[in-house]
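Each protein sequence line maps, in turn, to chains A and B. Numbering follows the working numbering, with no gaps: position 446 of the first sequence is 455. Numbering follows the working numbering, with no gaps: position 50 of the second sequence is 57. Glycine included, C-beta positions come from ideal geometry on N, C-alpha and C. Bear in mind the structure is a predicted one, so any value in this text is a computation, not a measurement.
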Amino acid sequence: MSDHHPTGIKRWLFTTNHKDIGTMYLWFSFVMFLTGGAMAMVIRAELYQPGLQFVEPAFFNQMTTMHGLIMVFGAVMPSMVGLANWLIPMQIGAPDMALPRMNNWSFWILPFAFTMLLSSLFMEGGAPNFGWTFYAPLSTTYAPPSTDFFIFGVHMMGISSIMGAINVIVTVFNMRAPGMTLMKMPLFVWTWLITAFLLIMVMPVLAGAVTMMLTDRHFGTSFFDAAGGGDPVMFQHIFWFFGHPEVYIMILPAFGVVSEIIPAFSRKKLFGYSSMVYATASIALLSFIVWAHHMFATGMPVAGELFFMIATMLIAVPTGVKIFNWVATMWQGSLTFETPMLFSISFVILFTIGGFSGVMLAMAPVDFQYHDTYFVVAHFHYVLFPGAIFGTTAAVYFWLPKWTGKMYNETLGKIHFWMSMVFVNLTFFPMHFSGLAGMPRRIPDYNMMFAEFNMWASIGAFGLGLTQIFFLVTIIMAIRNGKKAEDKQWDGATGLEWDALPSPVPYHTFATPPKVD
Amino acid sequence: MADNSEKETNKPLLIRLVAIIGGMFLFAYALVPLYNVFCDITGINGKTRGQALYQNVEIDKQRVVTVEFLTNVNRGMPWEFRSLVKSIKVHPGELNEVQFYAKNRSKQDIVGQTIPSVSPGEAALYLNKTECFCFDQQRLKAGEEVDMVVKFYLDADLPKDINRLTLSYQLFNVSDSFKFEVATSK
Ligand SMILES: [Cu+2]
Numbered sequence: 010m011s012d013h014h015p016t017g018i019k020r021w022l023f024t025t026n027h028k029d030i031g032t033m034y035l036w037f038s039f040v041m042f043l044t045g046g047a048m049a050m051v052i053r054a055e056l057y058q059p060g061l062q063f064v065e066p067a068f069f070n071q072m073t074t075m076h077g078l079i080m081v082f083g084a085v086m087p088s089m090v091g092l093a094n095w096l097i098p099m100q101i102g103a104p105d106m107a108l109p110r111m112n113n114w115s116f117w118i119l120p121f122a123f124t125m126l127l128s129s130l131f132m133e134g135g136a137p138n139f140g141w142t143f144y145a146p147l148s149t150t151y152a153p154p155s156t157d158f159f160i161f162g163v164h165m166m167g168i169s170s171i172m173g174a175i176n177v178i179v180t181v182f183n184m185r186a187p188g189m190t191l192m193k194m195p196l197f198v199w200t201w202l203i204t205a206f207l208l209i210m211v212m213p214v215l216a217g218a219v220t221m222m223l224t225d226r227h228f229g230t231s232f233f234d235a236a237g238g239g240d241p242v243m244f245q246h247i248f249w250f251f252g253h254p255e256v257y258i259m260i261l262p263a264f265g266v267v268s269e270i271i272p273a274f275s276r277k278k279l280f281g282y283s284s285m286v287y288a289t290a291s292i293a294l295l296s297f298i299v300w301a302h303h304m305f306a307t308g309m310p311v312a313g314e315l316f317f318m319i320a321t322m323l324i325a326v327p328t329g330v331k332i333f334n335w336v337a338t339m340w341q342g343s344l345t346f347e348t349p350m351l352f353s354i355s356f357v358i359l360f361t362i363g364g365f366s367g368v369m370l371a372m373a374p375v376d377f378q379y380h381d382t383y384f385v386v387a388h389f390h391y392v393l394f395p396g397a398i399f400g401t402t403a404a405v406y407f408w409l410p411k412w413t414g415k416m417y418n419e420t421l422g423k424i425h426f427w428m429s430m431v432f433v434n435l436t437f438f439p440m441h442f443s444g445l446a447g448m449p450r451r452i453p454d455y456n457m458m459f460a461e462f463n464m465w466a467s468i469g470a471f472g473l474g475l476t477q478i479f480f481l482v483t484i485i486m487a488i489r490n491g492k493k494a495e496d497k498q499w500d501g502a503t504g505l506e507w508d509a510l511p512s513p514v515p516y517h518t519f520a521t522p523p524k525v526d
Numbered sequence: 008m009a010d011n012s013e014k015e016t017n018k019p020l021l022i023r024l025v026a027i028i029g030g031m032f033l034f035a036y037a038l039v040p041l042y043n044v045f046c047d048i049t050g051i052n053g054k055t056r057g058q059a060l061y062q063n064v065e066i067d068k069q070r071v072v073t074v075e076f077l078t079n080v081n082r083g084m085p086w087e088f089r090s091l092v093k094s095i096k097v098h099p100g101e102l103n104e105v106q107f108y109a110k111n112r113s114k115q116d117i118v119g120q121t122i123p124s125v126s127p128g129e130a131a132l133y134l135n136k137t138e139c140f141c142f143d144q145q146r147l148k149a150g151e152e153v154d155m156v157v158k159f160y161l162d163a164d165l166p167k168d169i170n171r172l173t174l175s176y177q178l179f180n181v182s183d184s185f186k187f188e189v190a191t192s193k
């Protein structure tokens with residue numbers, strides 16, 4: 010088996026190799042993560058004190074909007090696709106993804122989509138300013154002209170993630186090594202398979218929503234315009250029909266990651282493999298019937314509020330199954346606390362906090378108080394930062410030795426972890442309090458009474474920003490002059506990538522499928 | 008790399024996946040009529056129905072319900088628009104008439120469209136209009152003013168816990184959709 014591959018720029022432009030494409034996805038998402046993070050720094054700098062210090066309110070709105078869009082669509086989603094590209098073929102014993110050319114295409118669309126989105130910052134009238142949820146009529150009647158670039162950007166990244174999802178499904182169904190039955194697949198593959206189905210179900214709905222916006226803006230339709238018989242509330246229904254499954258698209262692969270890492274460092278098998286699979290599937294199914302919990306304050310009838318409240322709380326059951334599963338896996342294991350494990354444990358703890366505030370928000374009667382306050386901001390940052398991003402970070406530390414053949418410096422990794430842990434909580438925990446006290450989200454100025462909480466949150470955010478630079482340096486140092494990694498770097502790790510492949514993995518793997526028993 | 012036999016096995020799955028994707032895109036559009044039908048049946052978003060007939064309606068003299076009127080003028084609409092009374096007390100089943108006033112304060116001809124909405128939303132099902140200016144568009148010449156009428160009755164089945172409801176009208180400038188007609192009417 011030759012390990013020859015093209016070099017230079019052409020290697021990256023024309024590659025159909027799942028490892029190359031995975032690497033590009035991961036670096037792209039990190040660049041977007043820093044970009045969206047820089048916007049968060051602008052937001053937190055402005056909110057450090059009450060009053061207007063650094064930016065105009067109009068620009069502040071553009072920052073909150075772009076921060077959300079970049080982080081959701083540019084940082085979190087592509088990072089998960091990057092992990093999928095690297096890991097799924099290795100974990101199921103396949104030589105590559107099933108549709109390698111489409112794989113190349115789905116990555117290379119992204120830089121164009123986000124260049125288009127980011128270019129709107131420099132246009133007349135500024136970037137989109139209506140929040141990442143782009144509610145009509147803010148995004149139709151009252152939106153800046155650059156909104157059309159946003160719409161096409163969303164179309165393009167939607168096409169990209171749909172193609173990525175198709176690739177995952179076809180790969181998992183058709184490319185598994187002989188003997189790799191569905192119920193033998195590593196959980197990361199399972200969670201990604203379910204995520205891929207969510208993606209192909211809801212990304213087209215998002216595409217439909219932005220297309221309706223486009224025709225409302227320019228072609229005389231009135232889907233969301235009451236004057237022409239439309240209804241702006243309907244926008245929220247369509248958006249959240251996509252939006253709620255979207256939050257599981259961002260978190261399910263991270264569930265898969267920690268379900269691999271926790272058993273490895275507990276030196277035990279996962280407590281309940283099949284219950285984990287079924288819990289993931291139930292979460293995905295339930296995610297389609299809860300969307301209106303984002304709309305309790307729109308004046309729904311009581312029956313509707315009750316339905317969506319109960320359905321939402323039901324999701325806590327499979328999620329609880331997962332949490333207990335992870336805890337039971339650690340119970341009486343021979344635990345060690347290397348960096349990936351630290352990130353995974355804190356994932357379990359902090360994600361649970363985010364889950365609890367989610368249950369609070371699910372209660373329709375109290376949601377009227379929490380709605381559109383910083384409590385909501387605290388909630389979703391707790392599930393996204395220590396959830397999706399800690400999950401990805403843990404994955405990078407865990408599989409880096411396999412990918413590159415180099416070990417990261419454990420001390421630096423641990424410093425990175427403790428910085429993350431301290432600053433994440435310092436940033437987002439005070440937001441619970443300012444939110445409960447009534448501070449609205451997406452405002453550049455606020456009442457004096459929220460000053461203390463905001464000061465702490467801003468200090469935490471600056472620290473969290475620095476932490477990411479530290480992460481970058483740690484990873485680059487590992488890739489450049491890390492110690493040589495062993496083929497099975499973690500003694501408790503299981504799976505084909507550790508047992509059947511050397512570190513670093515060769516450019517082409519599993520040209521002849523491995524034996525799975 | 009995938010050899011030919013694998014490419015063949017990929018095809019049926021690919022076709023199915025693409026069908027799901029196409030179906031979901033259409034589903035987003037299908038949500039629009041679904042939403043309207045659903046709201047029409049349940050009346051939950053406060054949308055009132057079209058023209059009703061006043062025939063064989065039983066009047067409940069025992070019950071008094073307050074109906075309030077609210078008018079709003081949308082951005083870019085230089086009209087004055089209000090109801091002549093703020094609220095009235097009605098018996099369910101009784102036919103009521105309320106006058107609204109509109110004046111075009113601009114120097115141009117403008118076409119307006121009012122959109123009604125009832126709060127609480129569930130009351131919308133029980134508010135029947137036999138005549139309403141909201142069924143048509145209004146074209147007012149520069150400076151022109153007009154009195155407009157709405158005739159409605161409440162269903163006797165109006166839930167017992169509702170004894171006060173609001174009928175609100177939002178006035179939109181729809182001249183853009185009628186540029187040609189407006190231009191020729193000058
Ligand atoms: Cu939700």
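According to DSSP, residues forming a beta bridge with residue i
i                : result
Lys492 (chain A) : A:Met416
Lys136 (chain B) : B:Gln58, B:Phe159
Phe519 (chain A) : According to DSSP, which records beta bridges pairwise, Phe519 (chain A) is partnered with nothing at all.
Pro262 (chain A) : DSSP, once it has assigned bridges, lists no residue as partnering Pro262 (chain A).
Distance CB(residue i)-CB(residue j) smaller than 7 Å
i                : j                : result
Pro449 (chain A) : Thr518 (chain A) : no
Pro523 (chain A) : Ala509 (chain A) : yes
Val525 (chain A) : Met189 (chain A) : yes
Gly217 (chain A) : Val90 (chain A)  : no
Asn79 (chain A)  : Thr44 (chain A)  : For clarity, residue 79 (chain A) is Ile in the given sequence; the question names Asn instead. Yes, the pair counts as a contact, with Cβ atoms nearer than the cut-off.
Thr348 (chain A) : Tyr406 (chain A) : yes
Thr73 (chain A)  : Arg489 (chain A) : no
Thr321 (chain A) : His302 (chain A) : yes
Lys158 (chain B) : Glu129 (chain B) : no
Gln120 (chain B) : Val156 (chain B) : no
Gln100 (chain A) : Gly400 (chain A) : no
Val219 (chain A) : Val181 (chain A) : no
Val357 (chain A) : Trp335 (chain A) : yes
Arg185 (chain A) : Ser467 (chain A) : no
Pro395 (chain A) : Val431 (chain A) : no
Three-state secondary structure (DSSP) of residue i
i                : result
Asp29 (chain A)  : helix
Met10 (chain A)  : Note that Met10 (chain A) has pLDDT 43, beneath the 50 cutoff, so the model's placement of it is unreliable and no number is given.
Asp154 (chain B) : strand
Pro449 (chain A) : strand
Met8 (chain B)   : Summary for Met8 (chain B): the model assigns pLDDT 44, below 50, so the residue's position carries little reliability; its value from the coordinates is reported in the next sentence. Met8 (chain B) falls in the coil class under three-state DSSP.
Leu24 (chain B)  : helix
Pro511 (chain A) : coil
Pro166 (chain B) : coil
Ser128 (chain A) : helix
Tyr257 (chain A) : helix
Extent of the continuous beta strand (DSSP E) run through residue i
i                : result
Ala109 (chain B) : 103 to 111
Ile117 (chain B) : 117 to 126
Lys96 (chain B)  : 94 to 97
Leu146 (chain B) : In the sequence as displayed, the identity of residue 146 (chain B) is Arg instead of Leu. Arg146 (chain B) -> beta strand (DSSP E) spans 145 to 147.
Ser90 (chain B)  : 86 to 90
Gln177 (chain B) : 171 to 180
Asn79 (chain B)  : 72 to 80
Host alpha helix (DSSP H) of residue i (start-end)
i                : result
His499 (chain A) : Just to set this straight, residue 499 (chain A) is Trp in the shown sequence, not His. Counting along the chain, Trp499 (chain A) falls outside any alpha helix (DSSP H), and DSSP gives it neither H nor E.
Tyr391 (chain A) : 383 to 392
Arg2 (chain A)   : Nothing can be reported for residue 2 (chain A), as the shown portion of chain A is limited to 10 through 526.
Thr190 (chain A) : Unbroken run through Thr190 (chain A): none, as it is neither H nor E.
Val211 (chain A) : 196 to 227
Thr289 (chain A) : 282 to 295
Phe352 (chain A) : 348 to 371
Gln100 (chain A) : 86 to 101
Met72 (chain A)  : 66 to 78
Pro327 (chain A) : 325 to 339
request  = Using a Cβ-Cβ cut-off of less than 8 Å, list which residues of the region 65 to 77 of chain B approach chain A; keep chain order.
outcome  = Flagged: no residues at all.
request  = Select from the region 177 to 204 of chain A all residues with a C-beta closer than 9 Å to any C-beta belonging to chain B, and list them in chain order.
outcome  = Taking 9 Å as the Cβ-Cβ cut-off against chain B, the residues of the region 177 to 204 of chain A that qualify are Ile178, Val179, Phe182, Asn183, Met184.
task = Quick one: which residues of the region 24 to 56 of chain B get their C-beta closer than 7 Å to a C-beta of chain A? List them in chain order.
result = Of all residues in the region 24 to 56 of chain B, Leu24, Ile27, Ile28, Met31, Phe32, Phe34, Ala35, Tyr36, Leu38, Val39, Tyr42, Ile51, Asn52 have a Cβ within less than 7 Å of some Cβ in chain A.
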